[in-house]
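The next block holds one structure in the form of C-alpha coordinates; read it before the comments.
In this note's numbering, the protein residues as written are 1 to 126.
Laid out in C-alpha coordinates, this is it:
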(Lines of atoms letter the chains of each structure in order from A; the text may use other names.)
(Lines give C-alpha, C1' and ligand atoms only; values in the text may rest on other atoms or scores of the structure.)
Protein backbone atom coordinates (compact mmCIF):
# COMPACT_ATOMS: atom_id res chain seq x y z
CA UNK A 1 0.00 0.00 0.00
CA UNK A 2 1.13 3.57 -0.64
CA UNK A 3 1.51 5.40 2.67
CA UNK A 4 2.37 8.73 4.19
CA UNK A 5 2.14 10.39 7.59
CA UNK A 6 -0.02 13.50 7.72
CA UNK A 7 -1.88 15.88 10.01
CA UNK A 8 -5.54 16.48 9.09
CA UNK A 9 -7.12 19.92 9.11
CA UNK A 10 -10.22 20.96 11.06
CA UNK A 11 -13.67 21.34 9.46
CA UNK A 12 -13.27 25.14 9.47
CA UNK A 13 -9.89 24.86 7.77
CA UNK A 14 -11.33 22.51 5.17
CA UNK A 15 -14.08 25.05 4.43
CA UNK A 16 -11.46 27.77 3.96
CA UNK A 17 -9.49 25.47 1.64
CA UNK A 18 -12.64 24.76 -0.34
CA UNK A 19 -13.16 28.49 -0.89
CA UNK A 20 -9.52 28.87 -1.92
CA UNK A 21 -9.88 25.99 -4.37
CA UNK A 22 -12.99 27.53 -5.90
CA UNK A 23 -11.10 30.77 -6.42
CA UNK A 24 -8.02 29.08 -7.90
CA UNK A 25 -10.14 26.91 -10.20
CA UNK A 26 -11.10 30.05 -12.14
CA UNK A 27 -7.48 30.56 -13.28
CA UNK A 28 -6.97 29.54 -16.93
CA UNK A 29 -3.55 28.01 -16.12
CA UNK A 30 -5.32 25.47 -13.90
CA UNK A 31 -8.09 24.50 -16.34
CA UNK A 32 -6.87 20.90 -16.61
CA UNK A 33 -5.95 20.57 -12.96
CA UNK A 34 -7.56 17.68 -11.08
CA UNK A 35 -8.69 19.03 -7.72
CA UNK A 36 -8.64 17.01 -4.52
CA UNK A 37 -11.70 17.07 -2.29
CA UNK A 38 -11.02 19.62 0.45
CA UNK A 39 -11.78 17.06 3.16
CA UNK A 40 -8.82 15.01 1.88
CA UNK A 41 -6.32 17.87 2.08
CA UNK A 42 -3.73 17.43 4.82
CA UNK A 43 -0.29 18.49 6.03
CA UNK A 44 2.14 15.78 4.94
CA UNK A 45 4.91 15.05 7.43
CA UNK A 46 6.53 12.12 5.66
CA UNK A 47 5.96 10.08 2.52
CA UNK A 48 6.66 6.41 3.24
CA UNK A 49 6.11 4.99 -0.24
CA UNK A 50 4.84 1.49 -0.95
CA UNK A 51 4.84 -0.52 2.27
CA UNK A 52 3.61 -3.91 3.49
CA UNK A 53 0.95 -4.41 6.19
CA UNK A 54 3.59 -5.23 8.79
CA UNK A 55 5.42 -2.00 7.96
CA UNK A 56 2.15 -0.08 8.32
CA UNK A 57 1.78 -1.45 11.84
CA UNK A 58 5.36 -0.39 12.67
CA UNK A 59 4.75 3.07 11.19
CA UNK A 60 1.53 3.46 13.21
CA UNK A 61 3.39 2.54 16.40
CA UNK A 62 6.16 5.05 15.58
CA UNK A 63 3.55 7.73 14.97
CA UNK A 64 1.77 7.05 18.26
CA UNK A 65 5.06 7.15 20.16
CA UNK A 66 6.25 10.33 18.42
CA UNK A 67 2.95 12.09 19.09
CA UNK A 68 2.72 11.25 22.79
CA UNK A 69 2.61 14.51 24.72
CA UNK A 70 3.04 16.67 21.62
CA UNK A 71 1.50 20.10 22.24
CA UNK A 72 -1.12 21.71 20.02
CA UNK A 73 0.23 24.35 17.66
CA UNK A 74 -0.91 26.87 15.08
CA UNK A 75 0.53 27.09 11.61
CA UNK A 76 0.23 29.92 9.09
CA UNK A 77 0.06 28.78 5.49
CA UNK A 78 1.55 31.56 3.38
CA UNK A 79 3.55 29.85 0.63
CA UNK A 80 2.17 28.15 -2.45
CA UNK A 81 3.74 26.31 -5.36
CA UNK A 82 3.33 23.45 -7.80
CA UNK A 83 5.29 20.40 -8.85
CA UNK A 84 6.63 18.81 -10.94
CA UNK A 85 6.74 22.01 -13.02
CA UNK A 86 4.90 25.31 -13.35
CA UNK A 87 3.98 24.76 -17.01
CA UNK A 88 2.32 21.45 -16.21
CA UNK A 89 1.38 21.33 -12.54
CA UNK A 90 0.42 17.98 -11.06
CA UNK A 91 0.28 19.03 -7.43
CA UNK A 92 -0.50 22.38 -5.87
CA UNK A 93 1.14 22.64 -2.48
CA UNK A 94 0.83 25.11 0.35
CA UNK A 95 3.05 25.52 3.37
CA UNK A 96 4.42 27.86 6.00
CA UNK A 97 7.36 30.21 5.50
CA UNK A 98 8.22 29.49 9.13
CA UNK A 99 7.66 26.09 10.70
CA UNK A 100 6.45 26.22 14.33
CA UNK A 101 8.90 24.72 16.83
CA UNK A 102 6.37 22.10 18.11
CA UNK A 103 5.89 20.87 14.54
CA UNK A 104 9.65 20.61 13.99
CA UNK A 105 9.96 18.64 17.24
CA UNK A 106 7.10 16.34 16.20
CA UNK A 107 8.74 15.71 12.83
CA UNK A 108 12.14 15.05 14.46
CA UNK A 109 10.59 12.57 16.90
CA UNK A 110 8.67 10.93 14.07
CA UNK A 111 11.84 10.60 11.99
CA UNK A 112 13.70 9.05 14.90
CA UNK A 113 10.98 6.48 15.67
CA UNK A 114 10.46 5.67 11.98
CA UNK A 115 14.22 5.11 11.60
CA UNK A 116 14.13 2.75 14.59
CA UNK A 117 11.28 0.91 12.84
CA UNK A 118 13.41 0.49 9.69
CA UNK A 119 12.16 3.36 7.53
CA UNK A 120 14.83 5.36 5.67
CA UNK A 121 15.17 9.09 6.38
CA UNK A 122 12.81 11.45 4.55
CA UNK A 123 14.03 13.43 1.58
CA UNK A 124 14.75 17.12 1.82
CA UNK A 125 14.38 19.56 4.66
CA UNK A 126 11.06 19.74 6.44
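Using N, Cα and C, we set each Cβ at its ideal position, and we do this for glycine too.
Alpha-carbon to alpha-carbon, residue j and residue i
| i | j | result |
| --- | --- | --- |
| residue 26 | residue 62 | 41 Å |
| residue 40 | residue 7 | 11 Å |
| residue 122 | residue 89 | 23 Å |
| residue 35 | residue 97 | 24 Å |
| residue 53 | residue 100 | 32 Å |
| residue 59 | residue 82 | 28 Å |
| residue 15 | residue 9 | 10 Å |
Three-state secondary structure assigned by DSSP to residue i
| i | result |
| --- | --- |
| residue 79 | strand |
| residue 54 | helix |
| residue 126 | With a pLDDT of 46 at residue 126, under the threshold of 50, the modelled position of that residue is not reliable, and the figure given next carries that caveat. Three-state result, residue 126: coil. |
| residue 117 | coil |
| residue 88 | strand |
| residue 46 | strand |
| residue 37 | coil |
Exposure label - residue i; buried when at least 16 CB within 10 Å
| i | result |
| --- | --- |
| residue 119 | buried |
| residue 2 | exposed |
Residue range of the unbroken alpha helix (DSSP H) whose run includes residue i
| i | result |
| --- | --- |
| residue 11 | 11-24 |
Element boundaries [beta strand (DSSP E), containing residue i]
| i | result |
| --- | --- |
| residue 70 | Neither: residue 70 is in no beta strand (DSSP E) and is coded neither H nor E. |
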